[in-house]
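*Asks:*
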Amino acid sequence: RGAFIAASCHAGFGILAGGIVALIVSLSFDHAYNAPAYEVDPVGSTVPQADYIWRIILMFGALPAALTYYWRMKMPETARYTALVAKNAKQAATDMSKVLQVDLEAEQEKVDKLARDTRKNYGLFSKEFARRHGLHLLGTTSTWFLLDIAFYSQNLFQKDIFSAIGWIPPAKTMNAIHEVYKIARAQTLIALCSTVPGYWFTVALIDILGRFFIQIMGFAMMTIFMFALAIPYDHWIKKGNHISFVVLYSFTFFFANFGPNATTFVVPAEIFPARLRSTCHGISAAAGKAGAIVGAFGFLYAAQSKDPSKTDAGYPPGIGVKNSLIMLGVINLVGAAFTLLVPESKGKSLEDLTGENDEEENTTELGRIAPAP
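For the sequence shown, the UniProt record's numbering begins at 1 and goes up steadily by one.
1) Could you work out which residue in Pro42, Ile57, Gly44 and Lys348 is closest to Ile208 when comparing CA atoms only?
2) Just to confirm before moving on: does the CB-CB distance between Gly12 and Thr141 stay below 8 Å?
3) Counting pairs of beta carbons, one from the stretch 134-154 and one from the stretch 164-172, are three or more of them closer than 8 Å?
4) Classify His235: buried if its beta carbon has 16 or more other beta carbons within 10 angstroms, exposed otherwise.
5) Contact defined as beta carbons within less than 8 Å: I believe Leu248 pairs with Phe157. What is the distance between those atoms, to the nearest angstrom?
6) Which value, in whole angstroms, describes the spacing of the CA atoms of Ile243 and Met75?
7) From Ile206 to Gln304, what distance separates their C-alpha atoms?
8) Among Ile20, Val47, Tyr38 and Ile214, which one has its Cα closest to the Cα of Pro169?
9) With a threshold of 16 other CB atoms inside 10 Å of the CB of Pro64, please say whether the residue is buried or exposed.
10) Can you say whether Pro316 is buried or exposed, counting buried as having 16 or more other CB atoms within 10 angstroms of its CB?
11) What is the DSSP secondary structure of Ala303, counted as helix, strand or coil?
12) Whose CA, out of Thr143, Arg72, Gly61 and Asn155, lies closest to the CA of Ala296?
13) Can you look up Gly14 in the DSSP assignment and give me helix, strand or coil?
14) Among residues of its own chain, excluding the 5 on either side of Leu229, which ones have a beta-carbon nearer than 7 Å to its beta-carbon?
15) Kindly indicate which three-state DSSP category Phe157 falls into: helix, strand or coil?
16) What would DSSP say about Pro273, mapped onto helix, strand or coil?
17) Short check: CB of Phe255 to CB of Gly291, under 8 Å?
18) Are the Cβ atoms of Leu23 and Arg132 separated by less than 8 Å?
19) So Ala336 is in the alpha helix (DSSP H); what residue range does that whole segment cover?
20) Please report the residue range of the alpha helix (DSSP H) in which residue 381 lies.
21) Going by alpha carbons, who is nearest to Phe338 out of Val180, Leu189 and Thr143?
22) Could you name the residues of the same chain whose beta carbon sits closer than 7 Å to that of Pro260, not counting the 5 residues immediately before and after it, in chain order?
23) Would you report the Cα separation of Pro42 and Ala204, rounded to the nearest angstrom?
24) Considering only the alpha carbon of each residue, which of Phe151, Ala66 and Tyr33 lies closest to Thr252?
25) Contact defined as beta carbons within less than 8 Å: I believe Asn241 pairs with Gly198. What is the distance between those atoms, to the nearest angstrom?
26) Use the C-beta contact count for Val40: other C-beta atoms within 10 angstroms, 16 or more gives buried, fewer gives exposed.
27) When you compare the CB positions of Ala32 and Asn175, do they come within less than 8 Å of one another, or not?
28) Any idea if Asp30 is buried or exposed, counting beta-carbon neighbours within 10 angstroms, 16 or more meaning buried?
29) Is it right to say Gly282 is buried, meaning 16 or more other beta carbons lie within 10 angstroms of its own, or is it exposed?
30) Pull up the distance between the alpha-carbon of Phe145 and that of Ile331, whole angstroms please.
31) Would Val321 and Tyr233 qualify as a contact pair, given that the criterion is a beta-carbon distance under 8 Å?
32) Keeping to the same chain, check which residues put their C-beta closer than 7 Å to that of Gly14; ignore five residues upstream and five downstream.
33) Helix, strand or coil for Phe125 per DSSP?
34) Starting from the C-beta of Thr188, find all residues in its chain whose C-beta is less than 8 Å away, skip the five residues before and the five after it, and write them out in chain order.
35) Here's the rule: buried if 16 or more other CB atoms are within 10 angstroms of the residue's CB, otherwise exposed. What is Ala130?
36) Does DSSP put Thr188 in a helix, in a strand, or in coil?
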C-alpha cells in the first residue's frame, strides 16, 4: 500500500523533465536571440522574447495532467468510501470485482449497521475526533508545513547558493536567457543525482523501513547536512571547494525525498477515518502550501546579502545565505520533533489505524464473556 501511494513520487521524474524542458527551451531561445550580457547592455540583455520561455515551460507541465485526466475519471472510487461514506455496498462490490477480477457479494445490511453506529460518525470538529486524531492531524500538518518551508526555499534560492560558491557565473555576466539555461543545467544535475534517486529509495523501502523511520531519518539527515553547509560556510565559498559543497547540498535533496517529501503525502492518506480522510489530507496539504509560501517569499528576502551593494535589484539586505541555511537546519530539526506525533502505519490495516475496529472488537469480547440468558 505504501509503495502504491508513494507512486506520487513520479514527481521526481517531473522535476527532472521540467529541468530538461527548461534546458531545451532556453538553449533554443539563446541561439535564436543573441543578446549581450547585462553588464554590457542592461536593457538589451533582456530581450522581449525571453518572456515566452517560462510560459512554454509551464505549458509543457500542464500536458501530462491533461492527458491523464480521462483515465483518472475512469478509475473507480475506493471501496471504503463507496461503502462507508456513500453507503452503496452494491457499487463498492461491483468496483472491487472489476479491480480484483473476482466475484464479490454486496453486504448492504452490514453497511447499514455501520452507518447507524453513532460512535463512528463523529465529525471533524468533535471532541471524539480531537481525542482520537487531534495530535495526528497536528503532526501531519506541522511536518508538511515545516518540510515545505525547507524544500521550496532550497529549490528557489539554489541560484543564489550556486552563484555564491562560483558554480554558475555572476548574473551580470550573462543575458537573461543564458542565465535561465545555466540555472536550469545546475538544477537538472541536482535532480538527476539526488532528487530522483531519493524518491525511488522511498518507493522501494517504505513498506520495509516504515513511514515513521523514513520521515524522522530524512528530517534528521537534512538537519545534519544543512549545519554541515552553514557552519563552515566561509570555507565552502573559497575557490576549489564548490564541488564538495554541491555534493553535500545534493544530499539534502536526496534525504528530503528519501524522507518527508514523500511520507508527508503518504501518511495523511492512511491514518484518518474514510469519511474524513480526504478532508484531513487536504488540511495537511494546505498547511504544506502555506509552508511553501513562507519558503518562497520569506527566504527569497532572507537569503539576500547583508551588504546592500550585493543584493539583487529591488531587494533589501537580508541575513545572508549562511544564516538562511542555519535557519533551515533548525526548521528541519523541529520537523523531526513533530514527527513524533505521527503514528507508524506500516503493516496495519486502515481500520486498525483509524480505530474503526475498536468498537467491534470490544463488542465481540463482551459477547464472549456475557452469560447466556
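Ideal Cβ placement from N, Cα and C applies to all residues, glycine included.
*Replies:* The relevant details are as follows:
1) For this step, residue 208 is matched to residue 208 along the sequence shown. Considering only alpha carbons, the answer is Lys348.
2) In the sequence shown, residue 12 corresponds to position 12, counting from 1. In the sequence shown, residue 141 corresponds to position 141, counting from 1. Contact: no.
3) no
4) Here residue 235 corresponds to residue number 235 of the sequence shown, with the count starting at 1. Burial call: exposed.
5) Translated into positions along the sequence shown, residue 248 becomes position 248. Translated into positions along the sequence shown, residue 157 becomes position 157. Not really, about 16 Å apart at Cβ, beyond 8 Å.
6) Along the sequence shown, read from residue 1 onward, the residue named residue 243 stands at position 243. Along the sequence shown, read from residue 1 onward, the residue named residue 75 stands at position 75. Roughly 46 Å between the two C-alpha positions.
7) If you number the sequence shown from 1, residue 206 lands on position 206. If you number the sequence shown from 1, residue 304 lands on position 304. Whole-angstrom Cα-Cα distance: 38 Å.
8) By 1-based counting over the sequence shown, the position of residue 169 is 169. Selected option, being the one with the closest Cα: Tyr38.
9) Within the sequence shown, residue 64 is the residue found at index 64, counting from 1. It counts as exposed.
10) Walking along the sequence shown from the start, residue 316 turns up at place 316. Result: exposed.
11) Against the sequence shown, residue 303 aligns to sequence position 303. Coil at Ala303, not helix or strand.
12) Counting from one through the sequence shown, the residue named residue 296 turns up at place 296. The option with the nearest alpha carbon to Ala296 is Asn155.
13) Looking up residue 14 in the sequence shown gives position 14. It is helical.
14) Taking the sequence shown and counting its residues from 1, one reaches residue 229 at position 229. These residues qualify, in order along the chain: Trp236, Phe245, Leu248, Tyr249 and Leu325.
15) Residue numbering aside, residue 157 sits at position 157 when the sequence shown is read from its first letter. Three-state DSSP puts Phe157 in coil, outside helix and strand.
16) Position 273 of the sequence shown, counting from 1, holds the residue named residue 273. The answer is coil: DSSP assigns Pro273 none of H, G, I, E or B.
17) In the sequence shown, counting from the first residue as 1, residue 255 sits at position 255. In the sequence shown, counting from the first residue as 1, residue 291 sits at position 291. Taking a C-beta distance under 8 Å as the contact criterion, Phe255 and Gly291 do not qualify as a contact pair.
18) The residue given as residue 23 occupies position 23 in the sequence shown. The residue given as residue 132 occupies position 132 in the sequence shown. Contact: no.
19) Locating residue 336 in the sequence shown gives position 336, where the first residue counts as 1. Element bounds for Ala336: Gly320 to Phe338.
20) Residue 381 is absent from the model: the chain starts at 1 and stops at 373.
21) On the sequence shown, position 338 is the one that residue 338 refers to. The residue with the shortest Cα to Cα distance from Phe338 is Thr143.
22) Taking the sequence shown and counting its residues from 1, the one referred to as residue 260 is at position 260. Once the five neighbours on either side are set aside, the close Cβ partners of Pro260 are Thr143, Leu147, Gln215, Gly218, Phe219 and Gly335.
23) By one-based count along the sequence shown, residue 42 stands at place 42. By one-based count along the sequence shown, residue 204 stands at place 204. Each residue's alpha carbon lies about 49 Å from the other.
24) Looking up residue 252 in the sequence shown gives position 252. Cα-wise, what sits closest to Thr252 is Phe151.
25) Within the sequence shown, the letter at position 241 stands for residue 241. Within the sequence shown, the letter at position 198 stands for residue 198. Not quite, the Cβ-Cβ distance comes to about 24 Å (not below 8 Å), so this is no contact.
26) Taking the first residue of the sequence shown as 1, we reach residue 40 at position 40. Per the 10 Å Cβ criterion, exposed.
27) Taking the sequence shown and counting its residues from 1, the one referred to as residue 32 is at position 32. Taking the sequence shown and counting its residues from 1, the one referred to as residue 175 is at position 175. Not a contact, by the Cβ cut-off of 8 Å.
28) The residue you call residue 30 lines up with position 30 of the sequence shown. By the 10 Å Cβ count, Asp30 comes out buried.
29) The residue you call residue 282 lines up with position 282 of the sequence shown. Exposed, because fewer than 16 other Cβ atoms sit within 10 Å of the Cβ of Gly282.
30) To locate residue 145, count along the sequence shown from 1; it is residue 145. To locate residue 331, count along the sequence shown from 1; it is residue 331. The straight-line gap from Cα to Cα measures roughly 10 Å.
31) Working through the sequence shown from its first residue, we reach residue 321 at position 321. Working through the sequence shown from its first residue, we reach residue 233 at position 233. Going by beta carbons, Val321 and Tyr233 fall inside the 8 Å limit.
32) Here residue 14 refers to the residue found at position 14 of the sequence shown. For Gly14, where only same-chain residues beyond five positions count, there are no Cβ hits under 7 Å.
33) As a working mapping, residue 125 is identified with position 125 in the sequence shown. Of the three classes helix, strand and coil, the one that applies to Phe125 here is coil, per DSSP.
34) As a working note, residue 188 is residue 188 in the sequence shown. Leu16, Gly19, Ile20, Ala22 and Leu23, listed in sequence order.
35) As a working mapping, residue 130 is identified with position 130 in the sequence shown. Per the 10 Å Cβ criterion, exposed.
36) Residue numbering aside, residue 188 sits at position 188 when the sequence shown is read from its first letter. In the structure shown, Thr188 sits in a helix (DSSP, three-state: H, G or I).
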